[in-house]
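A.B. asks:
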Amino acid sequence: MRDHAIEIRGLRKRYRGFTLRDVDLDVPRGYVTGLIGPNGAGKTTLIKLVMNLVRRDAGTIRVLGLDNVADEVAVKSRIGFIYDEPPFYHDVTLRDSARAIAPFYPGWSDRRFAELAARFGLPLGKRFKTLSHGMKMKFALAVALSHDAELLLMDEPTAGLDLAFRRELLHELGAILQDERKSVLFSTHITADLERIADYVAFIRDGTIVFSLPKDELREGWGIVRADRPAVDRLPAAIVKGRRERPYGAEALVSDAAAAHEVLGASAVIDRASLDEVMVFMARGGEHVEAA
Amino acid sequence: MWKLLRKDWLLNRRRLGLTYLFWSVVWLGLPLRDWGENLSLGTWSGMVSVACAFLPIVANGGEDKFKAAALTCSLPVTRQAIVTSRYVGGWLVALAGVGIAVAAMVFLSSFGARPLTGSWTTVPLAVVVVMGIVLALAMPFVLRFGVVGLIVLMVALQVLGMVALLAARMFRGSAILSIESAVRHTVAAVGYLYQTLGPTAFAAVAVATVLVLNVLSYRLSIVIYRSREF
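Protein chains in written order, with our numbering: chain V, 4 to 295; chain B, 970 to 1199.
(1) Output, in chain order, the set of chain B residues within a Cβ distance shorter than 9 angstroms of Leu67 of chain V.
(2) Please list the partners that Pro1025 of chain B has in chain V, where partner means a Cβ-to-Cβ separation under 7 angstroms.
(3) Using DSSP's beta-bridge definition, name the partner residues of Ala230 of chain V.
(4) Looking at the strands, I want to know which residues DSSP matches up with Thr22 of chain V.
(5) Out of B:Val1132, B:Leu1094, B:Met1108, which one is the CA nearest neighbour of Ala1175 of chain B?
(6) Under 7 angstroms Cβ to Cβ from Thr1091 of chain B, same chain only, skipping five residues before and after it: list those, please.
(7) Taking Cβ to Cβ, would you say Gly210 of chain V is nearer than 8 angstroms to Thr22 of chain V?
(8) Considering only residues of the same chain and omitting the five flanking positions on each side of Thr63 of chain V, which have a CB-CB separation below 6 angstroms?
(9) Between Asp158 of chain V and Pro250 of chain V, what straight-line distance do the alpha-carbon atoms span, to the nearest angstrom?
(10) Count the other CB atoms, across all protein chains shown, that sit within 10 Å of the CB of Arg59 of chain V; report buried if there are 16 or more and exposed otherwise.
(11) Which class does Leu1180 of chain B belong to by DSSP, given the choice of helix, strand or coil?
(12) To which residues does DSSP link Met157 of chain V through a beta bridge?
(13) Return the bridge partner residues of Ser215 of chain V from the DSSP annotation.
(14) With a threshold of 6 angstroms on Cβ separation, who are the neighbours of Gly1005 of chain B within its own chain once the five nearest residues in sequence on each side are excluded?
(15) Does DSSP classify Arg130 of chain V as helix, strand or coil?
(16) With a threshold of 8 angstroms between beta carbons, is Arg15 of chain V in contact with chain B?
(17) Output the boundary residues of the beta strand (DSSP E) element that contains Asp94 of chain V.
(18) With burial defined as no fewer than 16 other Cβ atoms inside 10 Å of the residue's Cβ, what is the status of Asp6 of chain V: buried or exposed?
(19) Can you find a C-beta in chain B that's less than 8 angstroms from the C-beta of Ser215 of chain V?
(20) Could you check if Asp231 of chain V is buried or exposed, using at least 16 other CB atoms within 10 Å of its CB as the buried criterion?
(21) Are any of the Cβ atoms in chain V nearer than 8 angstroms to that of Gly1011 of chain B?
(22) Any chance the stretch 63–72 of chain V sits against the stretch 1028–1037 of chain B, with 3 or more Cβ pairs inside 8 angstroms?
(23) Below 8 angstroms between beta carbons: does that hold for Lys132 of chain V and His93 of chain V?
(24) Report the option in B:Gly1115, B:Trp1013, B:Met1100 whose CA atom is closest to the CA atom of Cys1021 of chain B.
(25) Please compile the residues from chain B whose C-beta is within a distance smaller than 7 angstroms of the C-beta of Met54 of chain V.
(26) Distance cutoff 8 angstroms, beta carbons only. Does Leu1061 of chain B sit that close to anything in chain V?
(27) Please state if the CB of Leu97 of chain V and the CB of Pro126 of chain V are separated by a distance shorter than 8 angstroms.
(28) Given this structure, state the Cα-to-Cα distance separating Ala263 of chain V from Glu280 of chain V, to the nearest angstrom.
(29) Only counting runs of 4 or more residues, tell me where the alpha helix (DSSP H) segments fall wholly within the stretch 43–88 of chain V, in order along the chain.
(30) Mind checking Ala1208 of chain B: buried by the 16 CB within 10 Å criterion, or exposed?
(31) Got a sec, what are the start and stop residues for the beta strand (DSSP E) Thr36 of chain V sits in?
(32) Give me the residue from V:Phe214, V:Pro31, V:Pro160, V:Gly124 with the minimum Cα distance to Lys185 of chain V.
(33) In angstroms with no decimal places, state the Cα-to-Cα distance between Gly128 of chain V and Phe1199 of chain B.
(34) In terms of DSSP beta bridges, what is Ile200 of chain V paired with?
(35) Kindly confirm or deny that the stretch 1042–1053 of chain B and the stretch 73–89 of chain V touch, where touching means at least three C-beta pairs closer than 8 angstroms.
(36) Give the DSSP-derived three-state secondary structure of Val30 of chain V in the structure shown.
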């Protein structure tokens, strides 16, 4: 049985106008799991539930084998958490912010923090408010990585960053993670980020986990079928995850490209599905999407 | 809890320092305004205790301003420990504020100024009681709605007070006047208690009341803060 950093069962959280319902999700230990979904799908709520920043209505969350509420202190001491907008005091220097946080974590290493600060080019004597958004995220990352966290939870860490900074941040993150085999749950709506560093992908839509798969399985097994409408109609419903009508025929997202090929043969063009395409097809519930 | 106090000190010390500096100027300047006249010690201690009760709330304003409560709650500490540190830190900050006010007065006295009239013996008790009551009432509200919420509440109470006064003038003899009467009766009852019990027993009852109020406030704050979502 695979070891899991996070095990979520039957998780439910109701807000006015939005419900996270019966979420089951496993985040494998030692891998990067990307949580993707459209804005408002429930990514941030799910991560906040894991951090016990919001209260669950039902279900269980086990983090590194412990209940995230009953063993809150032990769980949080092993987690590094990065917000999309890091909530550090704006008028305090980076050095003082780190000094304030350090004693809470038994595994905190000043040497490690200094190394990461140097690596990221962080000006420790400057106040947080003087940093660019990208540098703020790097500071948050340095803090999260300085206490030897076994699990990193990151909520949209690359949102609002320009392409160059996003790549740099992901490169740094990827390099560190490759060395240390930490577990990561990383929410984003930018699929290109997941293409770069994720090992697993979980898709959430309208408060429900639609699928959770190894990225390679998704990349190699899933496909986009382009054919005339009668041909697309012949595809087994079980493998069709989304479909859209086109002026020249139809396109379908299928979870088993080989099976689709067996059914349609040469009458269809079948390409690999990128995460971007998967997101576009599935974002609207797999229903027919307006022709482009 | 000490880690939380240390964190709050490191993150708020600049704001706290500026606040103390501001109050030092106020306490030094206030008697100077009445230089040569006599400022009542009761008035002075009342102002000091109310102002100092709000010092911890002002000092922790950064947590609201920078939405840093989410950061505090993501640290490996329980919500109860966070609330405990707020109460302990709050009392420390408030008492330090009283210390500054007293130091300002001693400083002025050393220059021959005698701006206060009255007995010093009741001042510590009055300060602790007033500060304790304000802290106990304000803290659960601040932990739930933040400093901005408290300001809104205070403005709302001011408006309500003005409306009540206006109504009392317009509808003499109505139920609104009974509020004023209730306040007068409470003050009279406290006076009667003081006369009956004597200074020592009265002080013990007053301190015990503040203690009970703060324990109840603390318990309520824990329930409130545990249910808060970030």
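Glycine included, C-beta positions come from ideal geometry on N, C-alpha and C. All of these numbers come straight from a predicted model, not from anything done at the bench.
C.D. replies: Reading from the atomic positions:
(1) Per Cβ cutoff of 9 angstroms: no residues; Leu67 of chain V is ~13 angstroms from chain B at best.
(2) Neighbours of Pro1025 of chain B on chain V: none; closest Cβ ~16 angstroms, over 7 angstroms.
(3) In the DSSP secondary-structure assignment, Ala230 of chain V is bridged to V:Ala253.
(4) As computed with DSSP, Thr22 of chain V is found in a beta bridge with V:Arg17.
(5) Here the closest residue by C-alpha is B:Leu1094.
(6) Taken in chain order, the list of residues that qualify is empty.
(7) Contact flag set, yes.
(8) Answer for Thr63 of chain V: Arg12, listed in chain order.
(9) Distance between Asp158 of chain V and Pro250 of chain V, taken at the CA atoms: about 39 angstroms.
(10) Result: buried.
(11) Looking at Leu1180 of chain B - three-state DSSP - the assignment turns out to be helix.
(12) Paired residue(s): V:Ile85, V:Phe189.
(13) Looking at the DSSP output, Ser215 of chain V sits in a beta bridge with V:Ala205.
(14) With a pLDDT of 49 at Gly1005 of chain B, under the threshold of 50, the predicted position of this residue should be treated as unreliable, though the coordinate-derived value follows. Excluding sequence neighbours, Gly1005 of chain B sits near nothing in its chain.
(15) Looking at Arg130 of chain V - three-state DSSP - the assignment turns out to be strand.
(16) It does not; no Cβ of chain B falls within 8 angstroms.
(17) Premise fails: Asp94 of chain V is in no beta strand (DSSP E) and is neither H nor E.
(18) Flag for Asp6 of chain V reads exposed.
(19) Chain B has no Cβ within less than 8 angstroms of the Cβ of Ser215 of chain V.
(20) It counts as exposed.
(21) Output row for Gly1011 of chain B: interface = no.
(22) By the C-beta criterion, the stretch 63–72 of chain V is judged not to be in contact with the stretch 1028–1037 of chain B, since fewer than 3 inter-stretch pairs fall below 8 angstroms.
(23) The answer is yes: Cβ separation under 8 angstroms.
(24) The shortest Cα separation from Cys1021 of chain B among B:Gly1115, B:Trp1013, B:Met1100 belongs to B:Met1100.
(25) Correct list: Ser1043.
(26) Not an interface residue.
(27) Yes, these two residues count as a Cβ contact at 8 angstroms.
(28) Each residue's alpha carbon lies about 17 angstroms from the other.
(29) When DSSP assignments are scanned along the stretch 43–88 of chain V, the uninterrupted stretches of alpha helix (DSSP H) that are 4 or more residues long and fall wholly within it turn out to be 46–53, 75–79.
(30) What the structure shows of chain B is the stretch from 970 to 1199, and residue 1208 of chain B is not part of that stretch, so it cannot be assessed.
(31) Judged by DSSP secondary structure, Thr36 of chain V falls within the beta strand (DSSP E) whose first and last residues are 35–39.
(32) Here the closest residue by C-alpha is V:Pro31.
(33) In a straight line, the C-alpha of Gly128 of chain V is about 29 angstroms away from that of Phe1199 of chain B.
(34) Residue pairing by DSSP leaves Ile200 of chain V without any beta bridge partner.
(35) The stretch 1042–1053 of chain B vs the stretch 73–89 of chain V: in contact.
(36) In the structure shown, Val30 of chain V falls within a strand segment according to DSSP collapsed to helix, strand and coil.
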